[in-house]
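Enquirer: I have a structure I would like to understand better, so I am pasting it below and will then ask my questions one at a time.
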Amino acid sequence: MIGSVVTASFVMASVGAFYLLTRRHEESGRTFVRMGVIAGTVSTILMAFPTGDGQVHNIVSHQPATLAAMEGLFHTEWGAPLVIVGQPDVDQRRLDNPLTVPNALSFLTYQRWKAEVKGLDAFPRIAGPTTFRCCITAITSWWGSAPSSSR
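Heads up, the sequence shown is in the working numbering, so the first residue is 1045 and it goes up one at a time.
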């Protein structure tokens, strides 16, 4: 529901911007931009906290192995970093070339900068995600960074 309000708000703002740039219907264009930005900002804030934050807390409480896999966290860490981008090496159980924000994962999940976040090493191998390598291969292929076997 809120996601469609965000989309509609940005569409309204972009139509208003088009009107202003083409100097047609300028009064309506100003109204569209103003209302689109206000509605988009409010609905984005509403969407982030009750739904996004709540979903993270559900995963932390009920599926900690899923959290570790989603974040590419192979080892349990105090003050775990939030990985922006990285290439998981499942065999070596590490991330290659990670771009991280220090302590951010701990803060976002437990509201403490130095909280312990369990990595995949804290769970039995069977409890870990079985499609991890397949998903990573699909994502890297989509981005074009997976090595091609035909070369």
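Note that the Cβ used here is the ideal one computed from N, Cα and C, for glycine as well.
#1: Between which two residues does the alpha helix (DSSP H) carrying PRO1168 extend?
#2: What would DSSP say about VAL1161, mapped onto helix, strand or coil?
#3: I need the straight-line Cα distance from TRP1122 to THR1088, nearest angstrom please.
#4: Could you name the residues of the same chain whose beta carbon sits closer than 8 Å to that of LEU1064, not counting the 5 residues immediately before and after it, in chain order?
#5: Alpha carbon to alpha carbon, what distance is there between GLN1131 and LEU1143?
#6: Do MET1114 and ILE1103 have their C-beta atoms within less than 9 Å of each other?
#7: Using 9 Å as the threshold, is the C-beta distance between ASN1141 and LYS1158 below it?
#8: With burial defined as no fewer than 16 other Cβ atoms inside 10 Å of the residue's Cβ, what is the status of THR1153: buried or exposed?
#9: Output the boundary residues of the alpha helix (DSSP H) element that contains THR1085.
Expert: The relevant details are as follows:
#1: Working through the sequence shown from its first residue, we reach residue 1168 at position 124. Looking at the DSSP string, PRO1168 is not in any alpha helix (DSSP H), and its letter there is neither H nor E.
#2: The residue labelled residue 1161 in the question sits at position 117 within the sequence shown. Residue state, collapsed to three classes: strand.
#3: Sequence index remark: in the sequence shown, residue 1122 carries index 78 (1-based). Sequence index remark: in the sequence shown, residue 1088 carries index 44 (1-based). Cα to Cα, the separation comes out at about 31 Å.
#4: Counting from 1 along the sequence shown, the entry for residue 1064 is found at position 20. Answer for LEU1064: GLU1070, GLY1073, ARG1074, VAL1077, listed in chain order.
#5: Taking the first residue of the sequence shown as 1, we reach residue 1143 at position 99. Taking the first residue of the sequence shown as 1, we reach residue 1131 at position 87. Using only the alpha carbons, I get a separation of about 10 Å.
#6: Numbered from its first residue, the sequence shown carries residue 1114 at position 70. Numbered from its first residue, the sequence shown carries residue 1103 at position 59. Yes, the pair counts as a contact, with Cβ atoms nearer than the cut-off.
#7: Numbered from 1 along the sequence shown, position 97 holds the residue referred to as residue 1141. Numbered from 1 along the sequence shown, position 114 holds the residue referred to as residue 1158. No, they are not a contact pair.
#8: Position 109 of the sequence shown, counted from the first residue, corresponds to residue 1153. Classification for THR1153: buried.
#9: Position 41 of the sequence shown, counted from the start, is the residue given in the question as residue 1085. Here the alpha helix (DSSP H) through THR1085 covers 1070-1091.
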